[in-house]
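Participant: One structure coming up, written as structure tokens, with questions to follow.
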Amino acid sequence: MRIQVKRTGGFAGIERYAEVDTSGRPDAHEWHALAEQAVAAGRGTPPVGVPDGFSYQITVDGKTVYAADPRLTGEQRKLITRVLKEGA
Numbered sequence: 001m002r003i004q005v006k007r008t009g010g011f012a013g014i015e016r017y018a019e020v021d022t023s024g025r026p027d028a029h030e031w032h033a034l035a036e037q038a039v040a041a042g043r044g045t046p047p048v049g050v051p052d053g054f055s056y057q058i059t060v061d062g063k064t065v066y067a068a069d070p071r072l073t074g075e076q077r078k079l080i081t082r083v084l085k086e087g088a
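Residue numbers (the UniProt record's numbering): 1 to 88.
Next comes the structure, spelled out in structure tokens:
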């Protein structure tokens, strides 16, 4: 499973992107469950965020959903944090 996160917005407007490929990872099942929950709660179009807040584009195996602060679900926040931290 390929998980991609693109973060835009914020005070400085700096874009950040990271990707994780779960193939062969011992924790792949955790990533899959988290990604499925995050995508299920996402929107098909970018939501209106708050001034200086972050907006996110989450793509899992070619399916893209959108989310924005401060209305992220717990699963979305966890997935985004992990991908941006551990991804390349």
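Beta carbons are placed, not taken as given, at the ideal position from N, Cα and C, and that holds for glycine.
Consult DSSP for Val83 and reduce its assignment to one of helix, strand or coil.
Facilitator: Correct three-state label for Val83: helix.
Participant: Can you tell me where the beta strand (DSSP E) holding Val65 begins and where it ends?
Facilitator: 63-68 is the span of the beta strand (DSSP E), which, as asked, contains Val65.
Participant: Please classify Ile14 as buried or exposed, where buried requires at least 16 other C-beta atoms within 10 Å of its C-beta.
Facilitator: Burial call: exposed.
Participant: Under 8 Å by Cβ, that's how I've got Tyr66 and Arg43 pegged, so tell me the actual separation to the nearest angstrom.
Facilitator: Tyr66 to Arg43, Cβ: 5 Å. Contact.
Participant: What does DSSP give as the partner residues of Asp27 in its beta bridges?
Facilitator: Per DSSP, none; premise fails for Asp27.
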